[in-house]
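In what follows, a structure is listed as C-alpha cells, so that the remarks can point back to it.
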Amino acid sequence: MSKLWGGRFTKPTNQLVEEYTSSIGFDQKLALQDIKGSLAHVEMLAHCDIISNEEKNQIIRGLHTIQGKIENDDVEYSVADEDIHMNIEKLLIEEIGPVGGKLHTGRSRNDQVATDMHLYLREKTEAIIELVENVQTALLKQAEGNVETILPGYTHLQRAQPISFAHHVLAYFWMFERDKDRLQDSLKRINWSPLGAAALAGTPYPIDRQMSADLLGFEKVYPNSLDAVSDRDFILEFLSIASIMITHISRLSEELILWSSEEFNFVELDDEFCTGSSIMPQKKNPDVPELLRGKTGRIYGNLMGLLTLLKGLPLAYNKDMQEDKEGMFDTVDTLEGALALLAPMLDSMEVKAGEMKKAVKEDYSNATDIADYLAVKGMPFRQAHEVIGKIVLYAIQEGRYLLDLSLEEYQQFSELFEADIYDKLAPEHVVAARNSEGGTGFEQVHVQIKTAKEHLYE
Ligand code: ARG
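Under the UniProt record's numbering, think of the first position of the sequence shown as 1, with each following residue one higher.
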C-alpha cells in the first residue's frame, strides 16, 4: 500500500528522507496510548453520527485485534509509514478494509500525537509517584530506627553541630514529598484533552470534544485548538520536576558515597548494591549511588533540549516537535530506574551508629552549646562566641576535645563556668536541647516522624 498521504505526490520519497523523518523507531512506545485515543475518538464519532454504529464496531474490533498483537509483540512496524499513528492506521486498514480509513475523520496526527503523550505522561507520572513513595517509606524506616543515632551535622562539609541521623534522612523525605506534590499538581495540566483540535484549527464535523475527553479520563478540553496542538509545556513541566527530583537523588547519593568511604565510615551499603574492582581485591564500590548521581546530566540535558527546541517555534505544529519524545522517554526510564533502585538500597543500608558517635566525640561540634551556656548566664552571645573561640583554639593546640578540659581550665576563660557545663556538652544533650519546631531534638524528630507518616499514609 502506498503512503497514507500519497495522493498529492508524483514521486516516491527519497529513501534517506524516509528514514530521516520517521519516528517509528521511538514513538512505538506510544502504541497502546494511540489505540486508547482512537477508541475514544471512534466512540465519539459514532455518538455524533459522523460514522455509523456498524462502522464504529468494525473499527473497534480492528483496533482490539491490533492491540492484542502489540501486547504479544506480534506487529511489524514500517519506517515507510513514518510514525506510530500511521503505522496503526495502516494496520487497521489491512485488518478491516477501507472502512478503517474512517477512523481519521475529524482528527489529525497533530491532536493525536498530543493526546498520546498526555496519556503516556499521565500513566508515568502516576507510576513515578508510587516509586517516590517507596523511597520515602525506606527513608522513614531508617529514620524510625535511628532517632537517637547521633552524627555530626555539617556546613561547608565541616563539622558544625551534632544531629540525629533520623533528622538527616528525613530532610530527604521532605524533598521527595515536595517532588511528589509537584507531580500531583502537574496532573491537573496533563489532564487537558487536545483531542479534536485536529490539525490546528478545529474541524467542520460536529464532534463532541468533551465526550472523548471524558472517555479518556481527562478533566477538561484545551479551550484553544492552536494551543492544544502546540503545547508541550506539560512535558517541560515533567522534565523540570524530574530535574529537581534527580537533584535530590544526586545529593542523597553523594552523601551515601561519602558515608561509605573509610574516611567517614558512617554507613555500609548492602553487598547486593555494590560492585567490586577487577584489579583491587579489597574494593567495594558504591557504583549505584555514583550512577544515580551521574544520571543527573542526561535529565538536565533533556530539559534543556526541549526548552531549546520550543523557544523559536511559530504556532502551530512544526516537525521539530517530533524531537520532543526521546528526551521524555529517556527521562521517564531514567527516573523509574533510579527510584526503583534507591528504595531497596536505602532499606538494606546498615547505619553504623557507633562510628557516627565516635565522630561526634572527636570533634568540636558542641562549641555552640558552650556559647549558649554563657549566653544563658547573661553574657551577650557575640562576646560568648569570642570566648569560646579562644577555648576551642586552646583545646586544639592542646590536642584535646571540649569535654576533656577541666573546670579550672574553663574558668580561666570565664568565671561563669560551673560544673554543670559537662552535662550540657554531652552529644545527647546537645541534640536533645534543639527542641525548637522542626529542630533535631529527639522530641521534635518524633513529632516529625508522625507528620511524615500522616503525609505518606493518609
Ligand atoms: N510523528 C509526528 C510527531 O511525533 C506526528 C505528528 C505529525 N504531524 C504532521 N503534521 N507531520 O510529531
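No residue lacks a Cβ here, since even glycine has one placed at the ideal position from N, Cα and C. Here the structure is a predicted model, which is why all the values come from computation and not from measurement.
Compute the Euclidean distance between the alpha carbons of V392 and D420, then round it to the nearest angstrom.
19 angstroms
Does the distance between the C-beta of Y20 and the nearest non-hydrogen atom of the ligand ARG fall short of 7 angstroms?
no
Fully enclosed by the stretch 266–342, which alpha helix (DSSP H) runs are 4 residues long or longer?
287–294, 296–310
For M1, name the three-state secondary structure that DSSP assigns.
Bear in mind that the predicted position of M1 carries a pLDDT of just 49, short of 50, making it too unreliable to give a figure here.
Identity of the residue in A171, D320, F234, H156 nearest S193 by Cα:
F234
Within its chain, find whatever has a CB closer than 8 angstroms to the CB of A46; leave out the 5 residues flanking it on each side and keep chain order.
S52, N53, E55, K56
Could you check if G25 is buried or exposed, using at least 16 other CB atoms within 10 Å of its CB as the buried criterion?
exposed
Whole angstroms is fine: what's the gap from L32's alpha carbon to I129's?
21 angstroms
Indicate, with yes or no, if the ligand ARG has a heavy atom lying under 7 angstroms from the CB of S78.
no
Ends of the alpha helix (DSSP H) at P427?
427–433
May I ask you to report which of helix, strand or coil DSSP gives L195?
coil
Using DSSP's beta-bridge definition, name the partner residues of K220.
W192
Determine the burial state of N224: buried for a count of at least 16 other Cβ atoms within 10 Å of its Cβ, exposed for fewer.
exposed
Around the C-beta of V267, are 16 or more other C-beta atoms found within 10 angstroms, so that it is buried, or is it exposed?
buried
Tell me, please, which residues DSSP counts as bridged to S164.
I150
Could you tell me which whole alpha helix (DSSP H) segments of length 4 or greater appear in the UniProt domain "Argininosuccinate lyase C-terminal" (364–432)?
367–376, 381–398, 407–413, 421–425
Other residues of its chain near F218: CB distance less than 6 angstroms, five sequence neighbours each side excluded
N191, S193
If we call anything under 8 angstroms between Cβ atoms a contact, is A395 one with A384?
no
Nearest residue (CA-CA) to L139, options E443, A114, H167:
H167
Using a Cβ-Cβ cut-off of 7 angstroms (strictly less than) and excluding sequence neighbours within five positions of D320, which residues of its own chain qualify?
L309, L313
With a threshold of 8 angstroms on Cβ separation, who are the neighbours of N14 within its own chain once the five nearest residues in sequence on each side are excluded?
none
What's the C-alpha gap between residue 534 and N435?
The chain is shown only over 1 to 458; residue 534 falls outside these bounds and no answer can be derived.
Helix, strand or coil for V351, going by three-state DSSP, please let me know.
strand
Have a look at D49, G37, T125, E133 and flag the residue whose alpha-carbon is nearest the alpha-carbon of G239.
Going by the sequence as given, residue 239 is Leu instead of Gly. Checking every option, the nearest Cα to that of L239 belongs to T125.
Determine whether the beta carbon atoms of L256 and P286 lie at a separation below 8 angstroms.
yes
Close-in-space but distant-in-sequence residues of the same chain around M1 (CB under 6 angstroms, 5 per side omitted):
Residue placement at M1 cannot be trusted, given a pLDDT of 49 that sits under 50; what the coordinates show is reported in the next sentence. There are no such residues.
Is it the case that the Cβ atoms of L339 and Q136 are separated by a distance below 8 angstroms?
no
Host alpha helix (DSSP H) of S261 (start-end):
No alpha helix (DSSP H) contains S261, which DSSP labels as neither H nor E.
What distance in whole Å lies between the Cβ atoms of L226 and A316, which are believed to be in contact at a cut-off of 8 angstroms?
5 angstroms
Starting from I15, follow its DSSP beta bridges and name the residues at the other end.
This sequence places Gln at residue 15; Ile is not what is there. In DSSP, Q15 forms no bridge with anything.
Beta-carbon spacing of S23, D83 below 8 angstroms
yes
Closest by CA to residue 463, which one among A343, I249, I88?
Outside the shown range of the chain (1 to 458) lies residue 463, about which nothing can therefore be said.
Can M321 be considered in contact with the ligand ARG, in the sense that its beta carbon sits closer than 7 angstroms to one or more heavy atoms?
yes
6 angstroms CB neighbourhood of R109 in its chain, flanking five on each side removed:
H85
If you check the beta carbons only, do S365 and R159 fall under 8 angstroms apart?
yes
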